[in-house]
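Asker:
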Amino acid sequence: DASAADQASALRTMEGQVMGTPSYMSPEQAQGKISELDERSDIFSLGGILYKILTYHAPYKGKNAREALEKARKRLLQPPDVRAPKNLIPPELNAICMKAMAREKNERYASAEELKNDIQRYLDGRSVSAKRDSLLTMAKKWVLRNKVAALGIAGAVIALIAGIAGAVLYEQQKKQETIQQLLERGSQLQAAGDFEQAEETFFSVLGLDVNNAQARQAIAQVSGKALAMKNKRRAQEKLKDIDVLAAQAAAITTDIDRLQQEVMRHKAALKGHEDFDAKKPLWDAERSLLSKQIEKLSNEGKIISKYTEVLSLDSENPAARAALAKIYYDKFRDAELSQQRGEMAYYRELICAFDDGTYQALLEKEGTLVLSTVPEADAYFLFRYVEGADRRLLPVPFSPAAYQGAGSQQPEHGFDPQFARATTGFVPVSTMLAFTDFNKLSRHEQVQLPQGSYLIIARKQGFLETRIPFTIERGETTEMREVKLLRQEEVPPGFVYVPGGKYLSGGDPRAPYAEARCVKTIPGFLISRHEVTVGEYLKFLNDLESRIPGSSERYVPRRSVESDFYWQKIGSSYHPSFPLNWPVLGVSWDDASAYCKWLKSQTGGRWEFRLPEDAEWEKAARGVDGRLFPWGNYFDFRFCCMVDSKQGLREGPDPVGTFALDESVYGVQDMAGNVCEWVGTFFDEGKNIRISRGGAWSYGDENFARCAGRNGASPSMVAPFRGFRIAVSLKQ
41 DASAADQASA LRTMEGQVMG TPSYMSPEQA QGKISELDER SDIFSLGGIL
91 YKILTYHAPY KGKNAREALE KARKRLLQPP DVRAPKNLIP PELNAICMKA
141 MAREKNERYA SAEELKNDIQ RYLDGRSVSA KRDSLLTMAK KWVLRNKVAA
191 LGIAGAVIAL IAGIAGAVLY EQQKKQETIQ QLLERGSQLQ AAGDFEQAEE
241 TFFSVLGLDV NNAQARQAIA QVSGKALAMK NKRRAQEKLK DIDVLAAQAA
291 AITTDIDRLQ QEVMRHKAAL KGHEDFDAKK PLWDAERSLL SKQIEKLSNE
341 GKIISKYTEV LSLDSENPAA RAALAKIYYD KFRDAELSQQ RGEMAYYREL
391 ICAFDDGTYQ ALLEKEGTLV LSTVPEADAY FLFRYVEGAD RRLLPVPFSP
441 AAYQGAGSQQ PEHGFDPQFA RATTGFVPVS TMLAFTDFNK LSRHEQVQLP
491 QGSYLIIARK QGFLETRIPF TIERGETTEM REVKLLRQEE VPPGFVYVPG
541 GKYLSGGDPR APYAEARCVK TIPGFLISRH EVTVGEYLKF LNDLESRIPG
591 SSERYVPRRS VESDFYWQKI GSSYHPSFPL NWPVLGVSWD DASAYCKWLK
641 SQTGGRWEFR LPEDAEWEKA ARGVDGRLFP WGNYFDFRFC CMVDSKQGLR
691 EGPDPVGTFA LDESVYGVQD MAGNVCEWVG TFFDEGKNIR ISRGGAWSYG
741 DENFARCAGR NGASPSMVAP FRGFRIAVSL KQ
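Start counting the sequence shown at 41; every next residue gets the next number (my numbering).
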């Protein structure tokens, strides 16, 4: 239809397109360079017409239009007097024609008027600008020699001059029509939001009229938006590159998990005295692990860099901003779990920089506690763990109602002043457990709580007071349904109850042989509040000796496997050289297991005494929140029995329970110090090494006091720093 034809006409000289007759095209038009077209391009075409008048041939001729166009692009042009030597072309007209058809635009006539004037000067017998010789004299001689030819050419040139005037007027009209069509098309594209095409169209107008005010104004309006569109498209292309990096990141993480397990297997199977050849597989695995960890950091850096590049092109790109907010939120959570407060503050700022509100809301969002016990408790009392003056985590009485009205989550702002003051002293955990209406919860209550670590104590007449630690994650529901309450007679004296459920395991890079962080779920169990003492172990040995003389000797505490007994035997009984309230030490895993069997027989099999399993020991020590030490996340030698815990030379442990601050959330004591303890779990797949946990009186490195730390030894090995405590399985 007409509109389609008009549109095609308006766009016929778009950049890269070639419209027109190839034989008379300027080089720039033949190459489709619309931005370079101007009045001098038309001068070239007029020169082509003069060329044909002088030579009777078109400037560019080929077997077909394509060949002619190729010659026009390359300007394969012979001068008129070379192309038609028999025509006796005047040098002046030859020069005028070649100047009009010069390759470079700045060498052509500036306007059709200038071309017309030069031709007129030739006809008037005056010198022309294209040739500065003594033209008048040469013209006269030529006319005398070639009167007929001169008259013929003169007539044709006069006709050309008239044609030039008409052609100039026609071309100007045609150009104005094209400009108007391009302006209208550009406005349509601008209104449709296609700013890139609109910008190109308005630039096409400037190619025809460099001073066109309407086009310049329109370009000023759309250029920024056009650039934004281009950048958005480039940003989307870069996001595709990130998909490849993300896939690589997943593969790297899988490799790291595998190599970590491989390193742990090698370490568990090796003994320190083994030669280098035996240790080479471990070293190779460690090198590979380090390489993968470096690769992971590098990959992560590339991903962050790519997202940053995307935002440099499109600052509001939602995918990039959301991805960076997610990356920094995950890093914030890692820092939070490892209690790295500086990193937490750093990543929180980065979250705010890129977040659309999603993660900020999550950081501030409360969680929900759903709790029920079997049987139903008479009362529940709520405590929140906050950092005290000595940096231990203390269970401060907490009320959701008081929290809702508080200006801060810190206990000294908004909470009951009586309980706020309690955090300023250096007191054992047990003295903090205040039970009042302030922190009493209604039964069957679903409680909204801020993110953090908490403790509920359930009380019921005739039942053991039960400690139920839990964590509240932002925006999540913590369910602890049907937590079992135990009757007091179900629990042997000196034992505490650890309810079953989930807890955060491992994940401490400074703890020796720590496992990777994970969530474990284990059944409830009982564990002794203190390590087995010298006095308790003495009863075991003397009972064996009284029944079968000589049968106890293999279990006597000793310095080495075969000799150097610590205790003397006088008659049929043993006399220990240590205080009776010390933890027993110098016993093997086999000795500890034998003691558990004996203790079971002493109670008529009522309780299944055994060594605690590895996961049980860890949960009893650190609760469920992943704390680094039984008391919190900061170490001090005053908190537990280690080599520097008191002045002077330490020659052995302290009586059990001496370090009251070395107490877990369940009330278990001495799990960070005094003696490290055998547990029932094998360290290695070959089942040759048993795990031991905790720090000891002879240790000077705080890392051994970390709850996630583990060590291993042969079940027959003894050491002056190793003892044990007992666990009991619950009847289902």
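Even glycine gets a Cβ: it sits at the ideal position worked out from N, Cα and C.
Anyone know if the C-beta pair for alanine 660 and isoleucine 731 falls short of 8 Å?
Answerer: No.
Asker: Can you check which of these residues, Arg80, Lys126 and Lys111, is closest to leucine 155 by C-alpha distance?
Answerer: Answer by Cα proximity: Arg80.
Asker: Quick one, are the C-beta atoms of isoleucine 74 and serine 244 less than 8 Å apart?
Answerer: In contact: isoleucine 74 and serine 244 (Cβ atoms closer than 8 Å).
Asker: In this structure, does DSSP put proline 125 in helix, strand or coil?
Answerer: Helix, per DSSP.
Asker: If we ignore side chains and look at the alpha-carbon of each, how far apart do alanine 393 and arginine 373 end up?
Answerer: When rounded, the distance between both Cα atoms is 17 Å.
Asker: Quick one: which unbroken alpha helix (DSSP H) runs of 4-plus residues sit fully inside the region 385-433? Chain order, please.
Answerer: If we require 4 residues or more, the alpha helix (DSSP H) runs fully inside the region 385-433 come out as 398-404.
Asker: Hey, could you find the ends of the beta strand (DSSP E) serine 738 is sitting in?
Answerer: Looking at the DSSP string, serine 738 is not in any beta strand (DSSP E), and its letter there is neither H nor E.
Asker: Enumerate in chain order the residues of its own chain whose CB-to-CB distance from alanine 736 is below 6 Å, with the five nearest sequence positions on each side excluded.
Answerer: Excluding residues within five positions, the ones whose Cβ falls inside 6 Å are Val715, Cys716 and Phe761.
Asker: Could you please give me the residues that DSSP links to leucine 495 through a beta bridge?
Answerer: Per DSSP, Phe423 and Pro509.
Asker: Relative to the C-alpha of tryptophan 718, which residue among Ala753, Asp741, Val705 and Ser704 is closest?
Answerer: Among Ala753, Asp741, Val705 and Ser704, the Cα nearest to that of tryptophan 718 is on Ala753.
Asker: What's the C-alpha gap between glutamine 486 and valine 410?
Answerer: Their backbone Cα atoms lie some 5 Å apart in a straight line.
Asker: Which residues mark the beginning and the end of the alpha helix (DSSP H) in which glutamine 488 is found?
Answerer: Run containing glutamine 488: none in the alpha helix (DSSP H); it sits in the beta strand (DSSP E), 487-489.
Asker: Spatial neighbours of glycine 763 within its chain, please: C-beta separation below 7 Å, excluding the five flanking residues on both sides.
Answerer: For glycine 763, where only same-chain residues beyond five positions count, the Cβ hits under 7 Å are Glu571, Val572, Pro623, Val624, Leu625, Val627, Val715 and Glu717.
Asker: Between the region 690-708 and the region 532-539, can you find at least three pairs of beta-carbon atoms closer than 8 Å?
Answerer: Counting Cβ pairs under 8 Å, three or more are found: they touch.
Asker: Applying the 10 Å Cβ sphere with the 16-neighbour rule, what's the burial state of phenylalanine 316?
Answerer: Its Cβ having fewer than 16 others within 10 Å, phenylalanine 316 is exposed.
Asker: Quick one: using the 10 Å Cβ neighbour count with 16 as the cut-off for buried, is cysteine 137 buried or exposed?
Answerer: Burial call: buried.
Asker: Which of helix, strand or coil does DSSP assign to lysine 579?
Answerer: Here lysine 579 sits in helix by DSSP.
Asker: Mapping the DSSP letters down to three states, classify methionine 138 as helix, strand or coil.
Answerer: Three-state result, methionine 138: helix.
Asker: Please classify histidine 453: does DSSP put it in a helix, a strand, or coil?
Answerer: Confidence is the limiting factor: at histidine 453 the pLDDT is only 37, short of 50, which leaves the residue's position unreliable, though a coordinate-based value still follows. Coil.
Asker: Tell me where the alpha helix (DSSP H) around asparagine 157 begins and ends.
Answerer: It spans 152-163 - the alpha helix (DSSP H) in which asparagine 157 sits, taken as one unbroken run.
Asker: If you follow the beta strand (DSSP E) that glutamate 326 is part of, which residue opens it and which one closes it?
Answerer: Counting along the chain, glutamate 326 falls outside any beta strand (DSSP E), though it belongs to the alpha helix (DSSP H) covering 316-353.
Asker: Please identify the residue among Tyr386, Asn157 and Asn357 whose C-alpha is closest to the C-alpha of tyrosine 369.
Answerer: Ranking the options by Cα distance to tyrosine 369, first place goes to Tyr386.
Asker: For histidine 615, write down the residues that DSSP places opposite it in a beta bridge.
Answerer: Paired residues: Gln608.
Asker: Apply the 10 Å Cβ neighbour rule to glutamine 69 and answer buried if 16 or more other Cβ atoms are within range, or exposed otherwise.
Answerer: By the 10 Å Cβ count, glutamine 69 comes out buried.
Asker: If I follow the unbroken alpha helix (DSSP H) through glycine 87, where does it start and stop?
Answerer: Where glycine 87 is concerned, the enclosing alpha helix (DSSP H) stretches over 79-95.
Asker: Taking 8 Å as the threshold (C-beta atoms), are valine 768 and proline 532 in contact?
Answerer: Going by C-beta atoms, proline 532 is nearer than 8 Å to valine 768.
Asker: Going by C-alpha to C-alpha distance, which of Lys336, Lys215 and Glu505 sits closest to threonine 413?
Answerer: Ranking the options by Cα distance to threonine 413, first place goes to Glu505.
Asker: Between the region 127-137 and the region 157-175, do at least 3 Cβ pairs fall closer than 8 Å?
Answerer: Yes, the region 127-137 touches the region 157-175.
Asker: Report all residues from its chain with a CB closer than 7 Å to the CB of alanine 551; omit the five preceding and five following residues, and keep chain order.
Answerer: Excluding residues within five positions, the ones whose Cβ falls inside 7 Å are Asn743, Arg746, Ala748 and Gly749.
Asker: Would you give the residue range spanned by the beta strand (DSSP E) that glycine 720 belongs to?
Answerer: Looking at the DSSP string, the run of the beta strand (DSSP E) that includes glycine 720 is 716-722.
Asker: For glutamine 709, list the residues DSSP reports as bridge partners.
Answerer: Answer by DSSP bridge pairing, in chain order: Glu703.
Asker: Quick one: Cα of valine 523 to Cα of glycine 540, how far?
Answerer: Rounded to the nearest angstrom, the two C-alpha atoms are 8 Å apart.
Asker: With the cut-off set at 8 Å, would you say methionine 520 and isoleucine 508 are in Cβ contact?
Answerer: Going by C-beta atoms, methionine 520 is nearer than 8 Å to isoleucine 508.
Asker: Given a cut-off of 8 Å, decide if proline 120 and threonine 22 are closer than it, judged by their beta-carbon atoms.
Answerer: Since the first and last residues shown for the chain are 41 and 772, residue 22 lies out of range.
Asker: Alpha carbon to alpha carbon, how far is glutamine 642 from aspartate 295?
Answerer: Their backbone Cα atoms lie some 51 Å apart in a straight line.
Asker: Quick check: threonine 241 and leucine 267, are their CB atoms within less than 8 Å of each other?
Answerer: No, the Cβ-Cβ distance between threonine 241 and leucine 267 is not below 8 Å.
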